[in-house]
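Quick mapping for you: the protein sequence lines, in order, are chains S and X. Counting from 1, position 110 in the first sequence corresponds to residue 110 in the numbering used here; the numbering is continuous, with no gaps. So the mapping is simple: the numbering used here equals the position in the second sequence, first residue as 1, plus 1000. Note that the Cβ used here is the ideal one computed from N, Cα and C, for glycine as well. Source: prediction; values computed, not measured.
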Amino acid sequence: MKKLIALGLTAAMSLSTLAGCASEKKEEIGVTEAGNTATESETANSTGEVAKPELTGKIVVASNRTDLEEDFAAYAAKFMEENPGTTVEFETIKEYDDVIPTRIAGGEAPDLFYVVDPINQDTYADYFLPIDDLDFTADDILFYENGRGSDGNLYVLPLTVSYCGMIYNKVAFKNAGIENVPKTVDEFYEDCDKLKEAGITPVGTAFKDIWPIYAWCGWGEVNLTAGDERGENKYAEQDEIYDDVMLDSMNIVRNLYKKGELEEDIMSANWDQFKLDLAQGRVAMHYSETWLPEQFVELGANAEDIGMFPFPGAKNIKAGSGKQWGISKDTESPELAKAFLSYMLNNPVSDADIPSNKNIAVEDPFVAELLSYGVEPLSPILGTAAFSNIRNAIELDGQQFFLTYVMEEDDAKAQQLVDDWNAKWAAERPNWVEGN
Amino acid sequence: MSSKAKDRIIIVGFLFIPMILLALFSYYPLAKLIQLSFTDWNGMSPNLKYIGTRNYKDILGQKELFSTFSNNMAYVLTAILQQFAGLFLAVLLNSNIRMKTTFRAVLFMPYIINGVAVAFMFNYMYDYSNSPVNLILEALGINAVHFISTSYMTNFALSFISFWKYVGYTMVIYVAALQSIPSEVFEAARIDGAGFFGTLAYITFPNIKSMLKVSLLLSLNGALQVYFEPFLITKGGPNGRTATFISKSLELAYNYRKYGKAAAMGVILLMIIMLLVLVQRVLLKEDKENA
């Protein structure tokens, strides 16, 4: 008898689980159907510019900033208060670049999300809704034109922008007797020597985590800084992925490594430790972007002690767009999603961000200092998707290779590694570029 | 309902639920893996494009993928060492020493700690400037060690993590094997005047030989499939010097969105492991015939 009861219970339990799934799904569909019809009729009723369509429905906005979870909730609450009848939910995802593609593959994309690999302008239309009808133009939003897909429609827009430059600890500079920031690469090397003598690590890399060194080896960052009309990524049209411009930048780090002017053991130099060291003046410099300095202040550094200057010898300061946000083409509340994207473009979520909206005044002290040295910012012209396609095809991880290149002690072997990648690049290129 | 019918329902229930779970979580993913290995899926697109055996040809043509097995060798060597260490501990803790249950529990503990947590712990231990190990070494006047470097030894530093984690598990397997040997045999040997090493060589070893082989195979299998140490600590770098076959396939999937090719690598590893199992089968069969 006991066995029978147990079996009955098991069966009932598994049945109820299954039933639970089914009913949940039904409910969901019911709600969204209602939401949809409401939105459609509302839109149909609205005529002209004066009558604002009343928004309804629910959207989910996916961000990678787990640190802003509370701010997001307050931000969404404010929007919902201004637009009764709407539901906006922020979802913060730590492993964003892995989770979002999986969700998209499963047909469960969030309503608002930003571009992740492998989405590029060739495939924007497969994942995003065109947003040409938002009330913005290239005069309002920086990098507006970069959001167009290969078909000419606008799909994505950045909420923020950032500028690339050297972040430095002013106290560390003072302790090493450096009065002015270096303007040329030679001055930079001299200052590094002075810092080393003073017992301060001249340049921090956080190399163990690999990504923090992106500015030294990113194709956009390096080429814009080198200047000479290199605003457009032309690598897909040339046989060398590692040309002199790239190698000049990479060799600076290689030289610093040889002279012992990076962290003591770069294979165990990690991001968290590095941030603490720069905040406390044990590390003097780091090459990154304007989104970073605020984090040193959060770690206890005085805002006045942290500054930014253009990369030594830079012809331009690379201005880059932040994450590019778009609306899922499967969203059930497109009007609400568009309204919320516009809202985010007009009202920055975090004060620490530099908004892409030109109509909002920027009061960031780090940006102010960086731009005060007379080097003009320049933004990259988006190249074709061929560049990233070739890179993926030959399985080149530029940052991983950079680490390898820096640590290879033998110059001839290092050159051989560069030649190998260039050969692979040249061989793969014709498969992706027409007319070559 | 007759008791026979009840029994039948129970038997069917107990048979089908595990079967469904097995099919759903083992065989379906396996079939999917094989299917994906013939596509160029990027992890996102809703449609699969079949490209024949191109992934397999690509992999077989890429020497650097198979050279990762030389890194796996460090784990294989450590796995063999682990057998000796596990056996040594088992023999020790099977004798009449005090607090042997406590010792066993302590030694088994690392096995039940989450692997990722273990990797993070060793990440800290292997840090050059902040490692407590280096702190102690320096206090003793010995030079600090670069645990993670460009040399091949880094692989041993990483494989030591598995050693530390799994030696307790190996020990438990051997303790179980040792306890299955009837105590009369040992008594008889003692009466006949056999010493510690004599007992070990003529009684303990022959009796646990088959268990030894099973445990060795399990460890070798683990050594070939290892990934989380390099994946979490060195990311396979620098220049792939610590990459293993699986960490390389994960890199393909997540960095370059080549899920199809990564799946093909999975299938190839599966075949290599099946080959190993076959070899073990042959060896064990031989053993039975001898007995």
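query = From residue 1093 (chain X) to residue 1083 (chain X), what does the alpha carbon distance come to, in whole angstroms?
reply = Taking the second sequence and counting its residues from 1, the one referred to as residue 1093 (chain X) is at position 93. Taking the second sequence and counting its residues from 1, the one referred to as residue 1083 (chain X) is at position 83. One C-alpha to the other measures close to 15 Å.
inquiry  = If you measure between the beta carbons of residue 428 (chain S) and residue 393 (chain S), is that distance less than 8 Å?
reply    = As a first step, residue 428 (chain S) must be located in the first sequence, where it is residue number 428. As a first step, residue 393 (chain S) must be located in the first sequence, where it is residue number 393. Cβ distance < 8 Å, so residue 428 (chain S) and residue 393 (chain S) count as in contact.
ask   = Got a sec: is the Cβ-Cβ distance from residue 267 (chain S) to anything in chain X below 8 Å?
value = Stepping through the first sequence from its first residue, residue 267 (chain S) is reached at position 267. With 8 Å as the cut-off, residue 267 (chain S) counts as an interface residue toward chain X.
ask   = Cβ atoms of residue 1150 (chain X) and residue 1241 (chain X): under 8 Å apart, would you say?
value = Counted from its first residue, the second sequence places residue 1241 (chain X) at position 241. Counted from its first residue, the second sequence places residue 1150 (chain X) at position 150. Closer than 8 Å, so yes.
key: Counted within 10 angstroms of its Cβ, other Cβ atoms place residue 1277 (chain X) as buried (16 or more) or exposed   = Taking the second sequence and counting its residues from 1, one reaches residue 1277 (chain X) at position 277. Under this definition residue 1277 (chain X) is an exposed residue.
key: Test item: CB-CB of residue 1055 (chain X) and residue 1243 (chain X) under 8 Å   = In the second sequence, residue 1055 (chain X) corresponds to position 55, counting from 1. In the second sequence, residue 1243 (chain X) corresponds to position 243, counting from 1. For residue 1055 (chain X) and residue 1243 (chain X), no; Cβs fall outside 8 Å.
query = Thinking just about the alpha-carbon of each residue, which of S:146, S:263, S:194 is nearest to the one in residue 1128 (chain X)?
reply = Taking the second sequence and counting its residues from 1, one reaches residue 1128 (chain X) at position 128. That would be S:263, whose Cα lies nearest to the Cα of residue 1128 (chain X).
inquiry  = Can you tell me which residues form a DSSP beta bridge with residue 318 (chain S)?
reply    = Position 318 of the first sequence, counted from the first residue, corresponds to residue 318 (chain S). Answer is S:378, bridged to residue 318 (chain S).
key: Helix, strand or coil at residue 92 (chain S) according to DSSP, with G and I counted as helix   = Counting from 1 along the first sequence, the entry for residue 92 (chain S) is found at position 92. Looking at residue 92 (chain S) - three-state DSSP - the assignment turns out to be strand.
ask   = Quick one: is residue 1044 (chain X) near chain S, going by C-beta distance under 8 Å?
value = By one-based count along the second sequence, residue 1044 (chain X) stands at place 44. Yes - at least one Cβ of chain S is within 8 Å of the one on residue 1044 (chain X).
query = Which full runs of the beta strand (DSSP E) of 3+ residues lie inside the segment 241–288 of chain S, going along the chain?
reply = none
query = Would you call residue 308 (chain S) buried or exposed, if buried means 16 or more other Cβ atoms sit within 10 Å of its Cβ?
reply = Here the question's residue 308 (chain S) lines up with position 308 in the first sequence. Result: buried.
Where residue 136 (chain S) sits in the DSSP three-state scheme = Here residue 136 (chain S) refers to the residue found at position 136 of the first sequence. If DSSP states are grouped into helix, strand and coil, residue 136 (chain S) belongs with coil.
query = When DSSP labels each residue in this structure, what does residue 1190 (chain X) get in the three-state scheme?
reply = In the second sequence, residue 1190 (chain X) corresponds to position 190, counting from 1. Residue 1190 (chain X) falls in the helix class under three-state DSSP.
key: Contact set for residue 1085 (chain X): own chain, Cβ-Cβ below 7 Å, skip 5 residues either direction   = If you number the second sequence from 1, residue 1085 (chain X) lands on position 85. Hits under 7 Å: 1167.
message = Which of the three DSSP states is assigned to residue 1020 (chain X) in this structure?
response = As a first step, residue 1020 (chain X) must be located in the second sequence, where it is residue number 20. Of the three classes helix, strand and coil, the one that applies to residue 1020 (chain X) here is helix, per DSSP.
ask   = Counting along the chain, where does the alpha helix (DSSP H) carrying residue 293 (chain S) start and finish?
value = Start at 1 with the first residue of the first sequence, and residue 293 (chain S) comes out as number 293. Here the alpha helix (DSSP H) through residue 293 (chain S) covers 293–298.
query = What's the gap between the Cα of residue 1248 (chain X) and the Cα of residue 401 (chain S)?
reply = Against the second sequence, residue 1248 (chain X) aligns to sequence position 248. Against the first sequence, residue 401 (chain S) aligns to sequence position 401. Residue 1248 (chain X) and residue 401 (chain S): Cα-Cα distance of roughly 15 Å.
request  = Give the secondary structure of residue 128 (chain S) by DSSP, where H, G and I count as helix, E and B as strand, and everything else as coil.
outcome  = Within the first sequence, the letter at position 128 stands for residue 128 (chain S). In the structure shown, residue 128 (chain S) sits in a strand (DSSP, three-state: E or B).
task = Would you tell me roughly how many angstroms separate the C-alpha atoms of residue 1014 (chain X) and residue 1024 (chain X), rounded to the nearest one?
result = Within the second sequence, the letter at position 14 stands for residue 1014 (chain X). Within the second sequence, the letter at position 24 stands for residue 1024 (chain X). Rounded to whole angstroms, residue 1014 (chain X) to residue 1024 (chain X) spans 16 Å at the Cα level.
message = Please report the distance separating the alpha-carbon of residue 1245 (chain X) from that of residue 1224 (chain X).
response = Start at 1 with the first residue of the second sequence, and residue 1245 (chain X) comes out as number 245. Start at 1 with the first residue of the second sequence, and residue 1224 (chain X) comes out as number 224. Using only the alpha carbons, I get a separation of about 8 Å.
key: Interface residues of the segment 1047–1068 of chain X facing chain S [CB-CB below 8 Å]   = none
inquiry  = At the level of alpha carbons, what is the spacing between residue 346 (chain S) and residue 1163 (chain X)?
reply    = As a working note, residue 346 (chain S) is residue 346 in the first sequence. As a working note, residue 1163 (chain X) is residue 163 in the second sequence. In a straight line, the C-alpha of residue 346 (chain S) is about 56 Å away from that of residue 1163 (chain X).
message = Quick check: the Cα distance between residue 72 (chain S) and residue 94 (chain S), rounded to an integer number of angstroms?
response = Counted from its first residue, the first sequence places residue 72 (chain S) at position 72. Counted from its first residue, the first sequence places residue 94 (chain S) at position 94. Those two C-alpha atoms are separated by around 15 Å.
task = On a CA-only basis, which of X:1228, X:1220, X:1239, X:1274 is nearest residue 1120 (chain X)? Give me that one, please.
result = Along the second sequence, one-based indexing puts residue 1120 (chain X) at 120. Answer by Cα proximity: X:1228.
ask   = What residues from chain S crowd round residue 1110 (chain X), counting only those whose CB sits closer than 7 Å?
value = Along the second sequence, read from residue 1 onward, the residue named residue 1110 (chain X) stands at position 110. Result: empty, since nearest Cβ-Cβ is about 22 Å, beyond 7 Å.
inquiry  = Tell me which residues of the segment 1120–1143 of chain X have at least one Cβ-Cβ distance to chain S shorter than 9 Å, keeping chain order.
reply    = 1123, 1126, 1127, 1128, 1129, 1130, 1131
request  = Would you identify the three-state DSSP class for residue 1095 (chain X), choosing helix, strand or coil?
outcome  = Taking the first residue of the second sequence as position 1, residue 1095 (chain X) is located at position 95. Here residue 1095 (chain X) sits in coil by DSSP.
Span separating the alpha-carbon of residue 35 (chain S) from that of residue 159 (chain S) = On the first sequence, position 35 is the one that residue 35 (chain S) refers to. On the first sequence, position 159 is the one that residue 159 (chain S) refers to. The predicted position of residue 35 (chain S) is uncertain, since its pLDDT is 37 and thus under 50; a value taken from the coordinates is nonetheless stated next. Between residue 35 (chain S) and residue 159 (chain S), the C-alpha separation is close to 27 Å.
task = Would you tell me roughly how many angstroms separate the C-alpha atoms of residue 188 (chain S) and residue 182 (chain S), rounded to the nearest one?
result = Along the first sequence, one-based indexing puts residue 188 (chain S) at 188. Along the first sequence, one-based indexing puts residue 182 (chain S) at 182. If you take the alpha carbons of residue 188 (chain S) and residue 182 (chain S), they lie about 5 Å apart.
key: Whole-Å CB distance - residue 140 (chain S) paired with residue 425 (chain S), under 8 Å assumed   = Counted from its first residue, the first sequence places residue 140 (chain S) at position 140. Counted from its first residue, the first sequence places residue 425 (chain S) at position 425. No, residue 140 (chain S) and residue 425 (chain S) are not in contact; Cβ-Cβ is about 38 Å, not under 8 Å.
request  = Note down the Cα distance separating residue 1046 (chain X) from residue 200 (chain S), rounded to an integer number of angstroms.
outcome  = Here residue 1046 (chain X) refers to the residue found at position 46 of the second sequence. Here residue 200 (chain S) refers to the residue found at position 200 of the first sequence. About 53 Å.
request  = Consider the Cβ of residue 1002 (chain X): report whether some Cβ of chain S lies at a distance smaller than 8 Å.
outcome  = Here residue 1002 (chain X) refers to the residue found at position 2 of the second sequence. With 8 Å as the cut-off, residue 1002 (chain X) does not count as an interface residue toward chain S.
key: Distance between beta carbons of residue 111 (chain S) and residue 333 (chain S), contact taken as under 8 Å   = Mapped onto the first sequence, residue 333 (chain S) falls at position 333. Mapped onto the first sequence, residue 111 (chain S) falls at position 111. Correct: roughly 7 Å between the Cβ atoms.
message = DSSP three-state label for residue 1241 (chain X), please.
response = Here residue 1241 (chain X) refers to the residue found at position 241 of the second sequence. In the structure shown, residue 1241 (chain X) sits in coil (DSSP, three-state: anything other than H, G, I, E or B).
query = Where residue 327 (chain S) and residue 155 (chain S) are concerned, what is the direct C-alpha to C-alpha distance, given to the nearest angstrom?
reply = Within the first sequence, numbered from 1, the residue matching residue 327 (chain S) stands at position 327. Within the first sequence, numbered from 1, the residue matching residue 155 (chain S) stands at position 155. The straight-line gap from Cα to Cα measures roughly 8 Å.
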